[in-house]
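Student:
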Amino acid sequence: MPEATTRPSVPNYEPAPPTNEPLDYADLAVIDLSKAQTPQGRAELAIKARDAMRDVGFFYAINHGLSPIMTKRIFDIADVPFTQVSDLEKQKYAGKMLETGSYTGYKLRRYWHIDAGVQDQIESYNMKMDLSQQEHPNALRPLIPEIEAFARLNHEDVLFPILRYPRSEEEESKTNNVWLKGHTDFGSVTVLWSQPVSALQIKSRTDGKWRWIRHIENALVINVGDAMEFLSGGYYKATIHRVVQPPVDQRGYTRLGAFYFALPDDDVMLVPVSNSPVLEKYGIKRRFEDSDAPKMDAWRKGRVAAYGKSQLKKGEEPGIEEETIAGVVVKHFN
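What the sequence shown shows, in full-length UniProt numbering, is residues 1 to 334, in sequence order.
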């Protein structure tokens, strides 16, 4: 990332203090990326990451290369699209999810339907890995080199959404405090830069309970998406997760997030890798025949265009709604 002396000035973002509520936290593995400097360390991490992706689908990563000061700078930048851009300018850069099947640009508030007539209060600004493929608000333009460096640090083919979640008590009651329905991500891997407002929960595969993700300072929270599950024949499983109202002692704070979403190229067929000795050993669970499998672009566009907009069918289990995307039944959990 650029040296501090060359960086444009941005307002200071002050994060919320961690919650003191006694939450039921998920027990996630912690992957120390500094160990990847040696062959022995890489072998150890490969086993640990493999087991975490198979058994839970979520894990933490620490020692990723950014210092706490540099990570704070990322969150200062992440706040700019919301606090330094007018509502009128946001409209100019609003994305067209229904038409394009892409989140690129602003996702404005009250776009998705959550439940019981309540629309979302999530606001995000999404960028492609190649930032030159889109125009950006004036306040962000001087910061493009730093954002590009951040995207390169994370991975290629990256989106950079920044989220906020304010909502009224009446709407909280109607939706049982659910801000973003239980779902799986449609890409291969998602990285969330850990932040202190507790709101993210994962659904346990063993007992079905929702458990909170604990904040670890300057750590990453990494999870598996649908594309990884399809390509691995179910060896790695996408985990259902949701966003809910924070604990009482954090409800006066804004939840600001920095994410990246890694996806296969649009022309990749979402079929299991056929020449993998690991999959040959453990077996492959096909979601569909190879001839019926969608390409990544069809899966991406279908998921993006339909989310929060399509009429969902009530599932057989209470609190579950279903829709069909590219021949696959997608479940949403309230």
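Ideal Cβ placement from N, Cα and C applies to all residues, glycine included.
In chain order, which alpha helix (DSSP H) runs of at least 4 residues are fully inside the stretch 263–304?
Tutor: Whole alpha helix (DSSP H) segments, 4+ residues: 277–282.
Student: Restricting to runs no shorter than 3 residues, where is the beta strand (DSSP E) found entirely within the stretch 9–56?
Tutor: Here the runs fully enclosed are 30–32.
Student: Does the beta-carbon of E148, which I'm using as the reference point, lie nearer than 7 Å to any heavy atom of the ligand MG?
Tutor: The ligand content of the structure shown is nil, which means the ligand MG is not present either.
Student: Short check: CB of D226 to CB of D185, under 8 Å?
Tutor: Yes; because the gap between Cβ atoms is below 8 Å, this pair is in contact.
Student: Let's test the definition: count the other Cβ atoms within 10 Å of the Cβ of Q37 and tell me whether it reaches 16, buried, or not, exposed.
Tutor: Answer is exposed; the Cβ neighbour count stays below 16.
Student: Could you work out which residue in Q121, T83, R152 is closest to P137 when comparing CA atoms only?
Tutor: Checked all of Q121, T83, R152; the closest Cα to P137 is T83.
Student: Quick check: the Cα distance between S124 and L88, rounded to an integer number of angstroms?
Tutor: S124 and L88: Cα-Cα distance of roughly 15 Å.
Student: So who's on the other strand from A124, going by DSSP bridges?
Tutor: Per the sequence shown, the amino acid found at residue 124 is Ser instead of Ala. In the DSSP output, where bridge partners are listed per residue, S124 has K107.
Student: Whole beta strand (DSSP E) runs in the stretch 188–238 with 3 or more residues, listed along the chain?
Tutor: Here the runs fully enclosed are 189–193, 200–203, 210–212, 220–224.
Student: If I follow the unbroken beta strand (DSSP E) through I62, where does it start and stop?
Tutor: Segment 58–62, the beta strand (DSSP E) holding I62.
Student: Measure from the alpha carbon of V30 to the alpha carbon of each residue in Y235, I47, A61, then state which is nearest.
Tutor: For the residues Y235, I47, A61, the minimum Cα distance to V30 belongs to A61.
Student: Are there three or more Cβ pairs, one per stretch, closer than 8 Å when the stretch 209–222 is compared with the stretch 17–29?
Tutor: With a cut-off of 8 Å, the stretch 17–29 and the stretch 209–222 count as touching, because enough Cβ pairs lie within range.
Student: Take G302 as the anchor and find which of T190, R286, S194, S102 has the nearest alpha-carbon.
Tutor: Selected option, being the one with the closest Cα: S102.
Student: Near K90, what residues of its chain come up, given a Cβ to Cβ distance below 7 Å and the 5 sequence neighbours on each side ignored?
Tutor: Correct list, in chain order: Y106, L108.
Student: So, are the CB atoms of K281 and R54 less than 8 Å apart?
Tutor: No, these two residues do not count as a Cβ contact at 8 Å.
Student: Check whether the Cβ atoms of L153 and G65 sit closer than 8 Å, and answer yes or no.
Tutor: Yes. Within cutoff.
Student: Rounded to whole angstroms, what is the Cα-Cα separation between W299 and I240?
Tutor: Their Cα atoms are separated by approximately 18 Å.
Student: Taking 7 Å as the limit between beta carbons, can you name the residues of its chain near E229, skipping five residues before and five after?
Tutor: Taken in chain order, the residues that qualify are Y236, K237, A238.
Student: Please return the same chain residues whose Cβ sits closer than 7 Å to the Cβ of V221, not counting the five positions on each side in sequence.
Tutor: Counting only Cβ-Cβ distances below 7 Å, and skipping sequence neighbours, we find F58, Y60, L192, S194, I213.
Student: Excluding the 5 residues preceding and the 5 following A52 in the sequence, name in chain order all residues of the same chain whose CB lies nearer than 8 Å to its CB.
Tutor: Within the same chain, A52 has close Cβ partners L28, A29, I31, F58, F59.
Student: Find out if the Cβ-Cβ distance for the pair V224, V189 is shorter than 8 Å.
Tutor: Closer than 8 Å, so yes.
Student: Would you mind reading off the limits of the alpha helix (DSSP H) that contains R152?
Tutor: Unbroken alpha helix (DSSP H) run through R152: 144–154.
Student: Determine the DSSP secondary structure at R7, reduced to helix, strand or coil.
Tutor: In this structure, R7 counts as coil in the three-state DSSP scheme.
Student: Mind checking E146: buried by the 16 CB within 10 Å criterion, or exposed?
Tutor: It counts as buried.
Student: Which of helix, strand or coil does DSSP assign to I240?
Tutor: Looking at I240 - three-state DSSP - the assignment turns out to be coil, as it is neither helix nor strand.
Student: State buried or exposed for G283, treating a residue as buried only when at least 16 other CB atoms are found within 10 Å of its CB.
Tutor: Its Cβ having fewer than 16 others within 10 Å, G283 is exposed.
Student: Kindly identify the DSSP beta-bridge partner or partners of Y260.
Tutor: Paired residues: V191.
Student: Using 10 angstroms around the beta-carbon of T19, count the other beta-carbons present and answer buried if the total reaches 16, otherwise exposed.
Tutor: Classification for T19: buried.
Student: Flag this pair as yes or no: are the beta carbons of L231 and P294 separated by less than 8 Å?
Tutor: It is not a contact, given that the beta carbons lie outside the stated cut-off.
Student: Where do the N-terminal and C-terminal ends of the alpha helix (DSSP H) with R73 fall, by residue?
Tutor: 68–83 is the span of the alpha helix (DSSP H), which, as asked, contains R73.
Student: CB P15 to CB P196, shorter than 8 Å?
Tutor: Result yes, Cβ atoms of P15 and P196 sit closer than 8 Å.
Student: Is DSSP giving E135 helix, strand or coil here?
Tutor: It is coil, neither helix nor strand.
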